[in-house]
Amino acid sequence: MANKFFISCDEATTICDKSQYKEASFFEIIQLKLHFLFCKVCALYSKQNNFLSKLYKSKATNCKKQSICISAKEKEEIKKQLEHLKSELS
Amino acid sequence: MAEQQHILYPDFWVDKHSDYLFNFAIARVNNYDLAKDLVQETFFAGLKSAKNFEGKASERTWLVSILKRKIIDHYRKINSTKGKAEVKMNFYEDGENEGSWIEERVPQSWDNATEKSIENEELKQQLDYCISKLPEKYAMVFTMKTIQDFETEEICKELDITSSNLWVMIHRARTQLRKCMEDNWFKK
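Here the protein sequences come in this chain order: A and B.
Residues in the first sequence are numbered from 0 upward in steps of one, following numbering that gives the first Met the number 0.
Residues in the second sequence are numbered from 0 upward in steps of one, following numbering that gives the first Met the number 0.
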């Protein structure tokens, strides 16, 4: 029974990571909060994790703004190779 | 009403579909050259198996399904022996300390001024560097989940992994990223 509530740092930080995506279950959150009571290191990890999530989110927003394309030159290259393959197949 | 039969026009594949397929690929593998190679392989495979095309799905849907297989093949390749050795552990794996932080990897306090610096360009470059240092499969899963905002279920389906498998990888990626950012940025 005790093991159900008292988890290792590895497990606690896994839940902490999961909760950054709001996908930790209610019971997992309880396990995590309980762990924080006696583990200051994981509590610190959690605080830093929140900061990092914000950083990742800002990167995600930047990434979504740009749609990257293959250059025309590279497209021609692929076309040529496709032609080549086609002549081989027929 | 007769069902619409789709026909393949390989001569127009590159013009019509390469950008779409490329963006599909790069959202998953996070690497320009690799994404380009996968698209190219998709066209090649498509051409070779064009005679098996039944015309039930659209040309693009059919090409995407080939690309998806190419991506999962790539994931399996990086998930094999090579990917496993590179992981840096943050927790003891066995013994009486199992699951506890390894001493030299215990999180350290950061300079509080960093809380304001999220829009800092150098900080962003540092993050890109740290992501590039992750073993490829961790980078792939982390990016799909965190940067591309894929649903857990979707990633599991596309890479054929379980959700607990996914969370272990996210966890390892994030602890490793945290350590890398700490060493290179927050403890200056």
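We treat Cβ as the ideally placed atom computed from N, Cα and C, and that holds for glycine.
Starting from residue i, follow its DSSP beta bridges and name the residues at the other end.
i, result
"T100(B)", "According to the sequence shown, residue 100(B) is Trp rather than Thr. Per DSSP, F90(B)."
Determine the burial state of residue i: buried for a count of at least 16 other Cβ atoms within 10 Å of its Cβ, exposed for fewer.
i, result
"M0(B)", "Any answer about M0(B) is weak, because its pLDDT of 46 lies below 50 and its placement is not dependable; what the coordinates show is given next. Classification for M0(B): exposed."
"G194(B)", "The question about residue 194(B) has no answer here: the residues shown for chain B are numbered 0 through 187."
"Y128(B)", "exposed"
"S79(B)", "exposed"
"F185(B)", "buried"
"H170(B)", "buried"
"F21(B)", "buried"
"M0(A)", "Bear in mind that the predicted position of M0(A) carries a pLDDT of just 46, short of 50, making it unreliable; the figure below should be weighed with that in mind. Per the 10 Å Cβ criterion, exposed."
"T60(B)", "exposed"
"I70(B)", "buried"
"G54(B)", "exposed"
"D16(A)", "buried"
Mind checking which residues open and close the alpha helix (DSSP H) that includes residue i?
i, result
"I146(B)", "Per DSSP, I146(B) belongs to no alpha helix (DSSP H) and is neither H nor E."
"K17(A)", "C8 to S18"
"Q30(A)", "F25 to F37"
"T60(B)", "E58 to N78"
"Q80(A)", "A71 to L88"
"Q39(B)", "Y31 to K47"
"N164(B)", "S162 to M180"
"E22(A)", "Segment: none, E22(A) is in no alpha helix (DSSP H) and carries neither H nor E."
"S131(B)", "E120 to K132"
Name, going along the chain, the residues of the stretch 51-78 of chain A whose beta-carbon falls closer than 7 Å to a beta-carbon of chain B.
-> L51, K53, L54, Y55, S57, K58, A59, C62, S66, I67, C68, I69, E73, K74, I77 and K78
Between the stretch 150-166 of chain B and chain A, which residues of the former have a C-beta closer than 7 Å to a C-beta of the latter?
-> Those residues of the stretch 150-166 of chain B placed with their C-beta closer than 7 Å to a C-beta in chain A are T151 and W166, ordered along the chain.
Going along the stretch 4-15 of chain A in order, which residues come within less than 7 Å of chain B, judged by CB to CB distance?
-> S7, C8, D9, E10, T12 and T13
Quick one, which residues of the stretch 95-106 of chain B are near chain A if we go by CB-CB under 8 Å, in chain order?
-> E97, G98, S99, W100, V105 and P106
Those runs of the alpha helix (DSSP H) which lie wholly inside the stretch 3-30 of chain B and span at least 4 residues | 12-28
Which of the residues in the stretch 9-37 of chain B, read from start to end, lie with their CB under 8 Å from any CB of chain A?
-> P9, W12, V13, D14, S17, D18, F21, N22, I25, Y31 and K35
Using Cβ-Cβ distances below 8 Å, what residues of the stretch 22-34 of chain A are close to chain B?
-> E22
Any residues in the stretch 43-61 of chain B with a beta carbon nearer than 8 Å to a beta carbon of chain A? Which ones, in chain order?
-> The stretch 43-61 of chain B vs chain A, Cβ under 8 Å: F43, L46 and K47.
Chain A contacts made by the stretch 131-151 of chain B, where a contact means CB separation under 8 Å = K144, T145, I146, Q147, D148 and T151
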